[in-house]
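Everything on this sheet refers to the single structure shown next.
Chains as they are written, first to last, in our numbering: chain R, 170 to 480; chain U, 26 to 219.
Right under this line is the structure:
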């Protein structure tokens with residue numbers, strides 16, 4: 170799948186081998202994440218496995234994607250993606266899914282209460298457990314933390330900055346009357362950048378022993394691009410729920426996203442040394458971009474639902 | 026206990042539940058991930074959004090990058106290509122103040138000791154204080170405790186309180202496991218009587 174079949178491939182295009190590798194790995198990870206997560210869900214939050222299991226399947230899909238991104242990040246930092254790293258990628262994906270659900274799915278008050286409790290967890294280590302979902306989240310988080318020296322300064326900073334970005338998102342996202350000014354739009358854009366930019370650094374920090382400073386900038390850009398793409402895909406469901414994002418406030422979002430996509434993948438191609446990891450990351454981002462353009466178009470035709478499971 | 030339920034899961038959940046119910050004494054933190062105070066003192070900042078390295082107070086750091094700054098304690102010669110042309114950060118010979126340690130090794134060490142001796146730590150301490158050797162040492166120990174500064178005393182108090190919290194947790198865990206074991210073996214009561 171390319172952006173324009175008849176045009177010559179752009180300089181950042183990793184080529185058919187990287188695209189084939191992406192297709193192959195995502196299939197592998199879709200199967201392997203269930204082997205890690207199903208027993209945990211069954212033990213701590215079994216209701217997630219009842220009925221159509223839509224939420225559970227969304228969690229698996231996100232974890233599979235996190236493994237693909239984690240695989241690319243690990244290779245970019247010069248390591249091999251082994252079984253332990255697959256476990257870390259899976260736990261991280263499930264952790265992100267559950268954290269997002271606390272923020273997005275239970276109303277404004279629950280989102281703010283969750284943020285307060287996470288702040289206590291980060292500053293004192295205590296986390297009030299009220300529901301099975303929270304127990305599952307805590308166990309997954311504990312297992313993730315046990316895989317890494319949590320006292321490493323970069324790990325701690327990345328986690329804190331991700332938390333700050335989530336908190337800012339909750340504060341900004343409620344729709345206000347009237348159109349947004351340029352300053353507000355820029356704030357939303359930075360918030361989206363930070364949410365996923367810091368998330369990819371947290372994931373990388375859990376996967377490799379040291380993050381080379383020269384790779385942090387391009388990796389942060391890759392993370393930011395994921396959030397812009399994601400928000401474009403969720404444009405209509407977010408609007409339906411009164412949630413402001415940078416992408417759903419643009420008058421011509423598809424055109425803007427193309428500009429953002431091209432500038433970010435060019436930065437990745439130029440800012441990272443040639444490697445299989447870099448090619449895998451760009452191939453994944455291209456695939457994600459194209460599938461989210463299609464999701465956006467589908468939702469525009471049919472009306473958005475946050476609960477459809479998309480690739 | 027299911028094969029997929031690890032003892033570390035149970036210990037972690039039990040510690041949190043004990044804290045929620047107020048069963049743990051004291052208000053000391055269990056774990057502080059927030060290192061913003063230490064990070065503030067680091068000499069360099071990496072602007073992750075622009076991929077540029079600055080000195081801490083460089084005025085060329087864009088306002089939009091403030092939320093993407095990572096504190097850096099030490100930079101290598103090969104990172105000069107990231108250096109801001111205005112503040113020109115240079116490698117320094119000093120080491121970062123936070124040496125990373127393998128905290129899980131320490132935790133397992135503490136767990137193994139507490140698991141073995143946790144239930145009698147305080148009682149043994151009181152007995153030891155009254156013994157002839159303890160009486161000789163007590164003046165030195167109390168003198169040492171008075172002599173250390175407030176920060177060191179806080180650290181020591183947190184460590185000791187954590188030991189006590191771990192002892193409570195592991196005792197409770199041990200009771201639960203024994204109960205589960207007894208039930209599995211056909212006993213309807215914790216003491217095994219019918």
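Even for Gly, the Cβ is constructed at its ideal location relative to N, Cα and C. Remember, predicted model here, so these are calculated numbers, not experimental data.
The segment 367-385 of chain R contacting the segment 341-357 of chain R, beta-carbon criterion three pairs below 8 angstroms
no
Please name the residue, chosen from 432/R, 206/R, 372/R, that lies closest to residue 228/R on a Cα-to-Cα basis.
206/R
Do residue 416/R and residue 401/R come within 7 angstroms of each other at the CB atom, strictly closer than that value?
yes
I want to know whether the segment 200-218 of chain R touches the segment 313-320 of chain R - three or more CB-CB distances under 8 angstroms.
no
So if I threshold CB-CB distances at 7 angstroms, which residues from the segment 53-73 of chain U count as touching chain R?
54, 55, 56, 57, 58, 59, 60, 61, 64, 71, 73
Output the distance between the C-alpha atoms of residue 291/R and residue 109/U, rounded to the nearest integer angstrom.
32 angstroms
Contact check, residue 482/R vs residue 255/R under 8 angstroms by CB: the rounded distance?
No answer is possible for residue 482/R: the residues shown for chain R start at 170 and end at 480.
Straight-line Cα distance separating residue 65/U from residue 352/R
Rounded to whole angstroms, residue 352/R to residue 65/U spans 27 angstroms at the Cα level.
So which residues on chain U does residue 341/R lean against when the C-beta distance must stay under 9 angstroms?
The contacting residues do not exist; residue 341/R stays about 12 angstroms from chain U at best.
Jot down the residue ranges of each uninterrupted beta strand (DSSP E) in the segment 223-299 of chain R, minimum 3 residues, whole runs only, in chain order.
none
Chain-ordered neighbours of residue 89/U on chain R, where CB pairs are closer than 8 angstroms
Residue 89/U reaches chain R at 355, 359, counting residues in chain order whose Cβ is nearer than 8 angstroms.
In whole angstroms, what is the alpha-carbon distance linking residue 451/R and residue 437/R?
8 angstroms
Looking at the secondary structure, which residues open and close the beta strand (DSSP E) in which residue 70/U lies?
69-72
Taking only beta-carbon atoms, is residue 143/U less than 7 angstroms away from chain R?
At residue 143/U the pLDDT is 45, less than 50, meaning the model places this residue with poor confidence and gives no usable figure here.
Could you spell out the range, first to last residue, of the beta strand (DSSP E) harbouring residue 97/U?
94-97
Indicate whether residue 275/R and residue 286/R have their beta-carbon atoms separated by less than 7 angstroms.
no
How would you call residue 300/R, buried or exposed, if buried means at least 16 neighbouring beta carbons within 10 angstroms?
Taking all protein chains shown into account, residue 300/R has fewer than 16 neighbouring C-beta atoms within 10 Å of its C-beta and is therefore exposed.
Count the other C-beta atoms from every protein chain shown that fall within 10 angstroms of the C-beta of residue 366/R, then say buried if there are 16 or more, exposed otherwise.
By the 16-neighbour rule on beta-carbons within 10 angstroms, residue 366/R is buried.
So with CB distances below 8 angstroms, who are the chain R contacts of residue 44/U?
Correct list: 295.
If we cut at 7 angstroms on Cβ distances, does residue 105/U have a partner in chain R?
The Cβ of residue 105/U sits no closer than 7 angstroms to any Cβ of chain R.
Short of 6 angstroms in beta carbon distance, which residues of its chain neighbour residue 327/R, apart from the five on each side in sequence? Order them along the chain.
367, 370, 371, 374
With a 10 Å radius around its C-beta and 16 neighbouring C-beta atoms as the bar for buried, classify residue 117/U as buried or exposed.
exposed
Within 10 Å of its beta-carbon, does residue 196/R have 16 or more other beta-carbons around it, so buried, or fewer, so exposed?
exposed
DSSP three-state label for residue 185/R, please.
helix
Helix, strand or coil for residue 218/R, going by three-state DSSP, please let me know.
helix
Using a Cβ-Cβ cutoff of less than 8 angstroms, which residues in the same chain neighbour residue 97/U once the five nearest sequence positions on both sides are dropped?
67, 68, 69, 70, 71, 78
Considering residue 79/U, what are the terminal residues of the beta strand (DSSP E) in which it resides?
Looking at the DSSP string, the run of the beta strand (DSSP E) that includes residue 79/U is 77-80.
CB of residue 393/R to nearest heavy atom of the ligand MG: below 6 angstroms?
Absence of the ligand MG from the depicted structure is noted, as is the absence of any ligand whatsoever, leaving it without description.
Give the DSSP-derived three-state secondary structure of residue 381/R in the structure shown.
coil
C-alpha distance - residue 422/R paired with residue 233/R, whole-angstrom precision
27 angstroms
Do the segment 177-197 of chain R and the segment 448-464 of chain R make contact, defined as three or more Cβ pairs closer than 8 angstroms?
yes
According to DSSP, residue 315/R sits in a beta bridge with which residue or residues?
Residue pairing from DSSP leaves residue 315/R without any beta-bridge partner.
Run down chain U in chain order and give the residues with a C-beta less than 9 angstroms from the C-beta of residue 202/R.
Within 9 angstroms Cβ-Cβ: nothing; residue 202/R doesn't reach chain U, min ~15 angstroms.
Straight-line Cα distance separating residue 468/R from residue 411/R:
Cα-Cα distance, rounded: 16 angstroms.
When the Cα of residue 42/U is compared with those of 303/R, 271/R, 427/R, which residue comes out closest?
303/R
Which residues in chain R sit within 8 angstroms of residue 96/U, going by Cβ to Cβ distance?
322, 326
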